[in-house]
Amino acid sequence: MEPEIIVTILGIAQDAGIPQAGCSCERCLNAHENPGLKRYPVSLGIEGRDGSKHLIEVTKNLSEQLRLWSGDDIEQKIFIPDSVTITHLHLGHVEGIGQFGKPVMGVNNLPIYLSQMNNDSMQERNDVQLMIEEGNIRLISKNQFQPTNDCGFTLEFIPIPHRSELGDTSAILIKGPRKNLLFLPDQDSWSETLDSFSVRNIRELLTSLRIDIALVDGTF
């Protein structure tokens, strides 16, 4: 039997997660007292047919999310991603990128996929430039790509209307051999998103993109 492609939800919360810094709401206070109520910022892990590991979004909770992704076997090594894909540059989606550098993981030549506009913006960050110069990461802009040759799926950037003060925003369309999954963690509103695709409702949007599973922004 051919190996399956496995998608793991690693986080579902807004940029800061739960509890959020400086927040005294009941939910955050309860999460301080009960670790089981904590929620990590939105992120997704994909394991390819070839065993390769591909991370979407790199949050401040990268350490915990890689451990979660690696499973319950405490003897098992923590997963190290073979690629990273970023939907946009707002805090919660890129806050952990520095952990790939020399002070923490010190990875080697990790490909990070992002749109051309976001690539241009990230190139202006001194910390990102340092990681590029030291060979930790490389930034790649492709609209549609297969992160490893035998992973069995492709990723495609789908432009989405969302605050663009730092760059543009995309959903990620994950195309597998049997099913397609839409990862849409942020948007301004459904009405703007639907208008941008010239469709009347969410069902029509998902049908037009041939989506079988949709993971969508539940905040805004």
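In this note's numbering, the protein residues as written are 1 to 220.
Cβ atoms here follow ideal geometry from the backbone N, Cα and C, with glycine treated the same way.
Note that this is a predicted model, so its numbers are computed, not measured.
Could you check the C-alpha separation between R138 and L155 for me, to the nearest Å?
18 angstroms
Boundaries (first-last residue) of the alpha helix (DSSP H) holding V94:
91-94
Closest Cα partner of S208 within the set R178, D168, I158
I158
Can you give me the C-alpha to C-alpha distance between V42 and Q187, rounded to a whole angstrom?
Each residue's Cα considered, the two are about 13 angstroms apart.
6 angstroms Cβ shell around L37 - same chain, five flanking residues per side excluded:
N30, A31
My output table needs one value for H162: the three-state DSSP class, helix, strand or coil.
coil
What do you reckon, are the CB atoms on L194 and R200 nearer than 8 angstroms?
yes
Hey, how far is the Cα of E124 from the Cα of L89?
13 angstroms
Assigned exposure category for L56 - 16 Cβ within 10 Å defines buried:
For clarity, residue 56 is Ile in the given sequence; the question names Leu instead. Classified as buried, I56 has 16 or more neighbouring CB atoms from the shown chains inside 10 Å of its CB.
With H, G and I counted as helix, E and B as strand and the rest as coil, what does DSSP make of R203?
helix
For T219, count the other beta carbons within 10 Å of its own beta carbon; 16 or more makes it buried, fewer makes it exposed. Which is it?
exposed
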